[in-house]
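S.K.: Numbering-wise, our numbering puts 194 at position 194 of the sequence shown, and it's gapless, one number per residue. Backbone N, C-alpha and C define an ideal beta-carbon position, used for all residues, glycine too.
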Amino acid sequence: MRLAGLVFAALLVLAGPALALDARDRTFAPGRVGAIVIGKTDPADLAKIYGAANVKYQKIGYEGGETPGAHVFPESPDFLEVMFSEDGKKIDTIIIGGKNWVSRSGLRVGIRVAQLERMNGGAFNFQGFGADEGGRISAGAPPLAPFSIYIGETSEADRKALLKYFHHEKVFSSRHPAMRNSHFAVRSIYVQAPPAKGD
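#1: Could you give the C-beta distance for E169 and G130, rounded to a whole number, given that I count them as a contact under 8 Å?
#2: With a threshold of 6 Å on Cβ separation, who are the neighbours of L162 within its own chain once the five nearest residues in sequence on each side are excluded?
#3: In three-state DSSP terms, what is K40?
#4: State buried or exposed for Y150, treating a residue as buried only when at least 16 other CB atoms are found within 10 Å of its CB.
#5: Which one or two residues does DSSP pair with K59 in a beta bridge?
#6: Give the C-beta separation of P68 and K59 to the nearest angstrom, bearing in mind that I take them to be a contact with Cβ-Cβ under 8 Å.
#7: For V113, collect the residues of the same chain with a Cβ closer than 8 Å to its Cβ; drop the 5 residues on either side in sequence, then sort them by chain order.
#8: How about V191 and I94: do their beta carbons lie closer than 8 Å?
#9: Can you tell me whether DSSP reads E81 as helix, strand or coil?
#10: Using the beta-carbon count (16 or more within 10 Å), is V33 buried or exposed?
#11: Alpha carbon to alpha carbon, how far is F172 from E133? Give it in angstroms, no decimals.
#12: Using 10 angstroms around the beta-carbon of R108, count the other beta-carbons present and answer buried if the total reaches 16, otherwise exposed.
#13: Between S76 and the rest of its own chain, which residues show a CB-CB distance below 8 Å, the 5 nearest in sequence each way excluded?
#14: Could you check whether S85 and P143 sit closer than 8 Å to each other, using their CB atoms as the reference points?
#15: For M119 and chain C, any beta-carbon pair shorter than 8 Å?
#16: Less than 8 Å between the CB atoms is what I'm expecting for F253 and S105, so what's the real figure, rounded?
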């Protein structure tokens, strides 16, 4: 009996890492999206976690260049854009584009400006859409501060307001009069590893 118990315990230890990789998890936090731990999960493991049919390894473009990466669950509510380090050996950044991913505080793609204000405890600023990082918000509250969050239009009326009022490089307030009747919402959330202690 004792030997059987030791064997069972050993199997649990060996199975631990695999059990921790829960492909059904749709939560995110600083440094982690679902089963992916930024800087620790091997890029090659994405296909093992989510299935080879759901992961497309490819170059990811960004302002000023491109980097190795992958699309996970492309064109679905679970969509992730995963950016690797230049040598392709580590996961550097995950861009959440699907609505199914949610943080502990309720942050997710698709929520409106009013809900972001409630999470922030008040108004926030956002970069005008004429700049490179158009739509990026500046919010200091703990539920939002660890992430890079971008808002965008969700309707034709919003698109017209964007072109008329916000297509500039300056910074705007979420309380701008043109935002009052808009339906601007979160369109993407960037997740990176938390800063190392002492930085």
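M.R.: According to the structure shown:
#1: Yes, they are in contact, since the Cβ atoms of E169 and G130 sit about 5 Å apart, within 8 Å.
#2: Excluding five sequence positions before and after L162, the CB atoms of its chain that fall closer than 6 Å to its own CB belong to F129 and E153, given in chain order.
#3: In the displayed model, K40 falls within coil according to three-state DSSP, outside both helix and strand.
#4: Buried, by the Cβ-count rule.
#5: P68, per the DSSP bridge assignment.
#6: The C-beta distance from P68 to K59 rounds to 7 Å, short enough to meet the 8 Å contact threshold.
#7: Answer for V113: I151, S174, M179, S182, F184 and A185, listed in chain order.
#8: Yes, these two residues count as a Cβ contact at 8 Å.
#9: Collapsing the DSSP output to three states places E81 in a strand.
#10: Buried is the call here.
#11: In this model, E133 and F172 are separated by some 13 Å (Cα to Cα).
#12: Residue burial annotation: R108 is buried, with at least 16 other C-beta atoms found within 10 angstroms of its C-beta.
#13: Closer than 8 Å at Cβ, skipping near neighbours: G98.
#14: It is not a contact, given that the beta carbons lie outside the stated cut-off.
#15: Going by chain labels, chain C is absent from the structure shown, which holds only one protein chain.
#16: With the chain covering only 1 through 199, there is no way to say anything about residue 253.
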